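Enquirer:
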Amino acid sequence: MELENKDSKGEENLQEQPQKNQIAPSNHSFEKEEEAANKDLHSFKLYEHGITNGILEVPPETFEQFITYYYEEINRDQRIARTTDEIADLSNKYKDARAKRLELVKKQLDRRADHGILILEANEKENKIKFWQQKVVTAKGIIEDLKQSVKTDYTLFAAIIFFLFALLFIAADYGIALNIVATNLQIGATTDSLGNPVFSPIAYLFAFAIAGLAIVLKPAFDRLVEKPYQKNGSKKVFAIFILISSGLVLSMLVAFGKFREELISMGLQIGEVSTDIADSSTAPTSRTPQETSGFAEYAIVSSTFLFAIAGAICLGISIPVIFKNYRIAWNNFRQKRWNYRVFKLNKEKLEIDSKSVKAEIDIKMVEDEIADLQEELGVKELIKDKKELLEVFIASKMQKLIEKSKAVYQDGYYRGSKLAGKVTEEWLNESVMSKTQYSNLGSSKVALPATTTGGSLSRTRPFIALRRMISQDFKNKVNKEGNINFEYYDFDK
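Read in UniProt numbering, the sequence shown has 412 at position 412, and its numbers run on one by one without any break.
(1) Using the beta-carbon count (16 or more within 10 Å), is Gly-378 buried or exposed?
(2) For Asn-332, count the other beta carbons within 10 Å of its own beta carbon; 16 or more makes it buried, fewer makes it exposed. Which is it?
(3) Quick check on residue 526: buried or exposed, where buried means 16 or more other Cβ atoms within 10 Å of its Cβ?
(4) Nearest by alpha-carbon distance to Ile-215: which of Ile-67, Ile-87, Phe-307 and Gly-54 is it?
(5) In angstroms, rounded to a whole number, what distance separates the CA positions of Ser-471 and Arg-415?
(6) Output needed for Gln-335: all residues of its chain with C-beta closer than 6 Å, excluding positions within five of it in sequence on either side, in chain order.
(7) Are the CB atoms of Ser-356 and His-115 nearer to each other than 8 Å?
(8) If you run the structure through DSSP and keep just helix, strand and coil, what is Val-342?
(9) What residues in its chain sit with their C-beta under 6 Å from that of Arg-327, if we drop five residues either side in the sequence?
(10) For Leu-373, which of helix, strand or coil comes out of DSSP?
(11) Would you give the residue range spanned by the alpha helix (DSSP H) that Leu-167 belongs to?
(12) Using the beta-carbon count (16 or more within 10 Å), is Lys-349 buried or exposed?
(13) Rounded to whole angstroms, what's the CA-CA distance from Ala-159 to Ile-170? Just pull it up for me.
(14) Let me know the secondary structure DSSP gives Thr-152 once reduced to three states.
(15) Alpha carbon to alpha carbon, how far is Gln-65 from Ala-407? Give it in angstroms, no decimals.
(16) Which residue wins for smallest C-alpha separation from Thr-68, given the options Ser-405, Leu-217 and Pro-228?
(17) Leu-156 and Val-321 - do their beta-carbons sit closer together than 8 Å?
(18) Lys-422 and Glu-57: beta carbons closer than 8 Å?
(19) Just the C-alpha distance for Phe-163 and Ile-176, rounded to the nearest angstrom, thanks.
(20) When you compare only the Cα positions, how much space is there between residue 498 and Asn-127?
(21) Within a Cβ cutoff of 8 Å, which residues of the same chain sit near Ile-300, ignoring the five residues on either side of it in sequence?
(22) Between the segment 359-378 and the segment 98-116, do three or more beta carbon pairs fall short of 8 Å?
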């Protein structure tokens with residue numbers, strides 16, 4: 001009973017020890033291991049073995065140590081197996097985590113490269129946006145400067161009318177100049193066989209140059225009259241110019257009126273002359289039509305000059321207004337076009353920014369996944385510790401094997417010492433030397449030898465023979481006679 005109590009305590013200690021030193025297995029696997037251990041323990045026939053050792057007065061500590069070492073060896077085997085499985089599992093997890101980490105790092109680098117490219121593109125778009133926004137600001141400034149600096153009293157419609165009249169004055173001046181140059185001055189003009197005038201290119205060029213005086217006079221008009229009037233409000237010069245121009249116009253009109261009267265009177269005289277010719281053969285003494293009038297010459301010359309002045313005035317009034325409105329319209333057009341470019345660039349930048357944000361989210365997710373792998377990657381030290389622990393378990397198992405072997409040897413030694421001189425050498429050779437009580441000391445399953453069959457005679461096990469001795473009052477015979485009849489207790493029966 002004492003042995004059974006110690007065995008039960010040893011089993012309880014062995015059940016508690018794995019829970020403290022290593023990861024506890026599942027209840028199902030632990031029950032299987034406990035059932036297998038109990039099955040191995042039953043093969044020892046502990047009760048019968050205890051009776052035998054008690055009869056032989058063998059100290060119980062030896063076999064108790066054997067049982068302790070036996071269970072400790074089983075415990076070491078279980079720990080070694082579990083630790084080996086844990087090392088394999090942790091190694092697989094570490095390899096998988098390392099491979100996944102390499103994949104995630106590559107993915108992270110790709111995402112960072114894409115993010116860097118997106119940042120460069122966004123910066124480029126931002127610079128372009130700033131450039132075109134500056135252009136828009138410049139265009140607005142030009143428009144404001146034009147509105148403030150170029151001040152005119154005329155609308156665009158009035159300026160267009162002035163410009164059309166300027167062209168009309170220049171064209172009229174060109175016609176008068178061509179007539180004067182070709183007809184009166186006889187420059188570059190000839191007559192054909194029919195008496196029709198023929199103008200050479202020289203006549204056209206000369207007339208065109210005279211008509212171009214309006215364009216030449218336009219800057220002079222701007223500098224001397226128009227600009228001082230617009231900027232400083234100098235009305236004196238403008239009034240003098242207007243008075244002179246008005247006087248020339250009036251004098252030209254008077255000259256044209258006088259010339260018209262002369263033409264009318266000349267026509268009347270020609271009519272009278274024609275009537276007199278019919279009555280008399282003598283010619284009149286009046287002025288011939290070929291003679292030119294001073295009024296006509298003055299009117300023609302003054303009209304040419306006035307047409308040039310009028311053309312210059314119309315150009316001076318119309319061109320600044322037209323050019324101002326043109327520049328305003330052109331800058332408004334450019335401003336709208338540049339605003340559209342800014343809008344388009346902002347839209348493209350917004351798309352790039354959204355891609356950049358998505359790339360940042362992907363990078364953060366990859367970093368989180370890598371951070372989640374740190375626990376699995378950190379098992380490398382744990383694997384190292386497990387391997388060191390496995391080496392300790394293996395060394396401890398070897399020590400327990402040695403101790404178990406010593407315990408088996410001591411148990412057998414005590415048994416043999418008790419039977420010394422009481423058994424024959426023949427029985428010893430057949431029963432003990434040929435079959436040891438503890439078969440295969442190197443294995444974890446040590447059992448008493450069973451009855452052999454198949455080709456060999458069955459032998460009675462020692463504990464069966466001892467039970468026969470007990471049943472037949474073995475102790476009394478030993479005390480009375482002092483010897484044992486081993487033929488009756490033949491172990492081969």
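Think of the CB as a built atom: it goes at the ideal place given N, C-alpha and C, for glycine as much as any other residue.
These figures come from a predicted structure and were not determined experimentally.
Expert: Result, derived from the coordinates:
(1) What you label residue 378 is simply residue 378 of the sequence shown in a count that begins at 1. Gly-378 is exposed by the Cβ-count criterion.
(2) The residue given as residue 332 occupies position 332 in the sequence shown. With fewer than 16 other Cβ atoms within 10 Å, it is exposed.
(3) Limits of the chain in this structure are 1 at one end and 493 at the other, which puts residue 526 out of reach.
(4) As a working note, residue 215 is residue 215 in the sequence shown. Phe-307 is the residue among Ile-67, Ile-87, Phe-307 and Gly-54 whose C-alpha sits nearest the C-alpha of Ile-215.
(5) Against the sequence shown, residue 471 aligns to sequence position 471. Against the sequence shown, residue 415 aligns to sequence position 415. Low local confidence applies: a pLDDT of 47 at Ser-471 is under 50, so the model's placement there is unreliable, and no value is given.
(6) Within the sequence shown, numbered from 1, the residue matching residue 335 stands at position 335. Answer for Gln-335: Val-136 and Ala-139, listed in chain order.
(7) As a position in the sequence shown, residue 356 is number 356, starting the count at 1. As a position in the sequence shown, residue 115 is number 115, starting the count at 1. Their beta carbons are under 8 Å apart, which means Ser-356 touches His-115 by this criterion.
(8) For the purposes of this step, residue 342 is taken as the residue at position 342 of the sequence shown. It is helical.
(9) Taking the first residue of the sequence shown as position 1, residue 327 is located at position 327. Sequence-distant Cβ neighbours of Arg-327 in its own chain, meaning closer than 6 Å and more than five residues away, are Leu-146.
(10) For this step, residue 373 is matched to residue 373 along the sequence shown. The answer is coil: DSSP assigns Leu-373 none of H, G, I, E or B.
(11) Position 167 of the sequence shown, counted from the start, is the residue given in the question as residue 167. In the DSSP annotation of this structure, the continuous segment of the alpha helix (DSSP H) that includes Leu-167 starts and ends at 156-179.
(12) Counting from one through the sequence shown, the residue named residue 349 turns up at place 349. Residue burial is scored here from C-beta neighbours: Lys-349 has at least 16 other C-beta atoms within 10 angstroms and is therefore classed as buried.
(13) Here residue 159 corresponds to residue number 159 of the sequence shown, with the count starting at 1. Here residue 170 corresponds to residue number 170 of the sequence shown, with the count starting at 1. For Ala-159 and Ile-170, the distance between alpha carbons rounds to 16 Å.
(14) Translated into the one-based positions of the sequence shown, residue 152 becomes position 152. When DSSP states are grouped into helix, strand and coil, Thr-152 belongs to the coil group.
(15) Residue mapping note: residue 407 aligns to position 407 of the sequence shown, counting from 1. Residue mapping note: residue 65 aligns to position 65 of the sequence shown, counting from 1. Their backbone Cα atoms lie some 6 Å apart in a straight line.
(16) Position 68 of the sequence shown, counted from the first residue, corresponds to residue 68. Nearest of Ser-405, Leu-217 and Pro-228 to Thr-68, Cα basis: Ser-405.
(17) Locating residue 321 in the sequence shown gives position 321, counting from the first residue. Locating residue 156 in the sequence shown gives position 156, counting from the first residue. Yes. Within cutoff.
(18) Position 422 of the sequence shown, counted from the first residue, corresponds to residue 422. Position 57 of the sequence shown, counted from the first residue, corresponds to residue 57. For Lys-422 and Glu-57, no; Cβs fall outside 8 Å.
(19) By 1-based counting over the sequence shown, the position of residue 163 is 163. By 1-based counting over the sequence shown, the position of residue 176 is 176. Distance between the alpha carbons of Phe-163 and Ile-176 is about 20 Å.
(20) This structure gives no information on residue 498, because the portion of the chain shown stretches from 1 to 493.
(21) In the sequence shown, counting from the first residue as 1, residue 300 sits at position 300. Closer than 8 Å at the Cβ level, and outside the excluded window around Ile-300, lie Ile-176 and Ile-180.
(22) With the rule of 3 Cβ pairs closer than 8 Å, the segment 359-378 counts as touching the segment 98-116.
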